[in-house]
Structures are given as structure tokens and as C-alpha cells.
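Participant: Shown below is the structure under consideration.
In UniProt numbering, the protein residues as written are 1 to 389.
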């Protein structure tokens, strides 16, 4: 089965294994959704494969001997981080995020179907075909479900009331998987012969590798039929065989060195490409994080602009209210001014009226005084006239 982007590294220490694990963690595809700031957008698998190569053994007498065949024991531990199922009405995903969520949900549904089929076969003694091939996830771990290994599952839940329905589905799935039991198969030892062979290139891709020279090719050891009647001839033939075997060992050492050098060069190129790939992934993640931060900053600015626009609208409404109040006050002031002017006019009229009345009274008093004076003068003249008589 082909899985895009899978890499397998050979490590020789626990530190190298941890470095490979950390590099794998950095390559996990994460993205922002409405529910989670960092949401897994794919399943991630970290395989640890341990290979034991038995080159020495002990015979029946307890002595250390080299076996005729080499035994290889392979064990594997797979750490799988399954992405959680998503509901579109809650995550509000669109475009690429919606396509990723669909792939995640389909693979999880296939996993559930396989577990349900295994449980049904176990309970009813049926022999239904388990649909491992419907998903790469289940097809990749097919041997684990068929008894070549054991599966330990840890389920995660969110202790929130709004996630009650999803938590019930998760618990039912956990209960379903807990009831599945398969018969464990016996481990099979792989026999590797010690005879070295040189294979011819089978594909044009292998023809691109540096070809071995004819001088380094291993000559075939001749088959001999010894005639012990002629010891000298036997000795000559044995010497030829010895020289041929010696030449084979020398040529084999040269070939081993060439193959080791080519393997080291290939390994260095693979490590270099993997480092470049990791750096590219880190750069992509950095750019994605930067884009996410810029998007969040833009959202904050949009929210601030909306808040400022709302404040501006409130200020405009308040300003209009103040203008209405000012206009009302101006009208009141105008009315007051009109009343003051009217009062001033009334005062002027009253003052003028009083002045006219005062002048009239003065004239009347002057006239009355004049008449009194004239009468008094007439009386004086009359008395004077009487005195003269």
C-alpha cells in the first residue's frame, strides 16, 4: 500500500529516535477551526520497528557456533494519533477544511465498521469479510486486528454539557472495541541465508546506480573432479581453487566497500532531503502560523473598527440631541429677549405717559397759579381802591 509522504529512518540510539519523533510531531498537519485553535487535520502514525539479527548461537554442548542460517526477529510498535470526528454545523468548515473533515470522518467510520464486523463474527461465529480495504488506516493495521499484534485504544472526551451527544457515541465506540477479542498468532522466524549473491539489475531505475566494474565481478568457483591417483595434478587444481576463492574474497570485500559507500551516500542524500523537507514543513507551518496571527489581528482590527463605528454613531446621535437642546435653548432665549424688549417698550411707554401727564399737570398748575395770582392782584387793587375812598 502506498501512503504519500511516509518516511522510514534507521536509528542507532534512543536520542536519534526521540529526534525522529519530534520531527514527526512538527510535521503534523494542524489548522484553526471555530471549535479549536489547533485542530488535527489528519491521522498521524509513528512506527517503531526493532530488528534482531541472530548471527551466533549455541550447539547442544553449549559451545558458541555460527549457525548455517541467520534468524531475523522483527517487532513493531505503532503510535497512532487519530483525528477527532467533526460536525460541519459546529465547526463551520468550508473548502479544504471541509474536505479534510470528510476524509477523517470516512476513515473513522470504516474503523468502526471493521470493529463491528469483527465483533459480529466473534459473537455469531460468522465469517463476514472485514472491509479493511475501504480505508488506508484500517488496511495499514490489518495484521493487528487479525491476531498478529494487540491494539490498545485510548479515547478522549470533552466534559462539557454541549458535547454530551458526541461523548455518548465515543463511549459506545469504546465499549464496542473493548469486546473484540482475536486469537493471537504465533511469531514466525524469518530465515536469511548467509550465501552472498549478486543480483542483476531488474528495472531501468536500478540501471542509474553506478555499475560494478568487470574487474570487481566475482568469478565463479570451478567445479573439480579430483583424481587422487595423480596427486600433483590434484595439488595444482586445489591451488587454483584456493586462488579463485581468495580472489573471490578480495573481490567480495571490494564490492562490500562499494556497496557500503553507495549506501552511505544514499543515506546521506536521504537524510539531507529529509532535513530539507522538515525545514520546508517548518517554514510552511511558520508561514501558516504567521498567516493565522495576521488573520486574528485583522479580525481584532475589524472588531475595533466596528466598535469605533458604533461609538461614532452614538456620538452623532448624542451630538444631534445636543443640537436639539441648543436649538431649544436658543428659542427660549429669543422668547426671553422678546419679553425683555416688550417690557422695555412698556417701560418706555409708561415713562412717556408719565412725562406727558407730568407736563400736563405742570401746565395746569401753572395756569391755576396764574389765575390765582391774577385774582389776588385784582383783589389787591380792589382793596387799594377802597382804601383810597
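From the three backbone atoms N, C-alpha and C, an ideal C-beta is built for every residue, glycine too.
Nearest-angstrom Cα distance between residue 76 and residue 235?
Facilitator: Rounded to the nearest angstrom, the two C-alpha atoms are 53 angstroms apart.
Participant: Say yes only if the C-beta of residue 105 is nearer than 8 angstroms to one or more non-hydrogen atoms of the ligand SAH, and no if none qualify.
Facilitator: Because no ligand of any kind appears in the structure shown, any question about the ligand SAH cannot be addressed here.
Participant: If you drop the 5 nearest sequence neighbours on each side, which residues of the same chain put their C-beta closer than 6 angstroms to that of residue 41?
Facilitator: Cβ neighbours of residue 41 beyond the five flanking positions: 29, 31, 100.
Participant: Would you identify the three-state DSSP class for residue 30, choosing helix, strand or coil?
Facilitator: Of the three classes helix, strand and coil, the one that applies to residue 30 here is strand, per DSSP.
Participant: Quick one, which of 130, 105, 126 has its alpha-carbon nearest residue 414's?
Facilitator: Look at the range of the chain in this structure, 1 to 389, and you will see that residue 414 is not part of it.
Participant: Of the choices 140, 123, 146, whose alpha-carbon is the least far from that of residue 176?
Facilitator: Among 140, 123, 146, the Cα nearest to that of residue 176 is on 123.
Participant: What residue does the alpha helix (DSSP H) around residue 112 start on, and which one ends it?
Facilitator: Start and end: 96-124.
Participant: Taking the alpha helix (DSSP H) that residue 173 belongs to, which residues open and close that run?
Facilitator: 164-178 is the span of the alpha helix (DSSP H), which, as asked, contains residue 173.
Participant: Can you say whether residue 390 is buried or exposed, counting buried as having 16 or more other CB atoms within 10 angstroms of its CB?
Facilitator: No information on residue 390 is available, as it lies outside the stretch 1 to 389 that the chain covers here.
Participant: So what does residue 266 bridge to, in DSSP terms?
Facilitator: Its beta-bridge partners do not exist; DSSP assigns none.
Participant: From the DSSP secondary-structure annotation, give me the bridge partner or partners of residue 78.
Facilitator: According to DSSP, residue 78 bridges with 47.
Participant: For residue 287, count neighbouring Cβ atoms within 10 angstroms of its own Cβ and tell me buried if that reaches 16, exposed if not.
Facilitator: Exposed: under 16 other Cβ atoms inside 10 Å.
Participant: Hey, how far is the Cα of residue 217 from the Cα of residue 266?
Facilitator: Residue placement at residue 217 is poorly supported in this model, since its pLDDT is 46, which falls under 50; the coordinates still yield a value, given next. Using only the alpha carbons, I get a separation of about 22 angstroms.
Participant: Suppose the cutoff is 8 angstroms on Cβ atoms and the five residues either side in sequence are ignored; what does the same chain contact list for residue 13 look like?
Facilitator: Closer than 8 angstroms at the Cβ level, and outside the excluded window around residue 13, lies no residue.
Participant: How many angstroms separate the CA atom of residue 262 from the CA atom of residue 149?
Facilitator: Going by the C-alpha atoms only, they are around 36 angstroms apart.
Participant: Nearest to residue 81 by CA position, among 94, 39, 119, 96, is which residue?
Facilitator: Answer by Cα proximity: 39.
Participant: Relative to the C-alpha of residue 105, which candidate in 152, 85, 115 has its C-alpha closest?
Facilitator: Cα-wise, what sits closest to residue 105 is 85.
Participant: DSSP puts residue 39 in a beta bridge; with which residues?
Facilitator: Residue 39 pairs with 31.
Participant: Spatial neighbours of residue 417 within its chain, please: C-beta separation below 7 angstroms, excluding the five flanking residues on both sides.
Facilitator: In this structure the chain extends from 1 to 389, so residue 417 is not present and cannot be described.
Participant: For residue 180, tell me which candidate among 146, 331, 154 has the shortest Cα-Cα distance.
Facilitator: Among 146, 331, 154, the Cα nearest to that of residue 180 belongs to 146.
Participant: Measure the alpha-carbon distance for residue 331 versus residue 337 and round it to whole angstroms.
Facilitator: Going by the C-alpha atoms only, they are around 10 angstroms apart.
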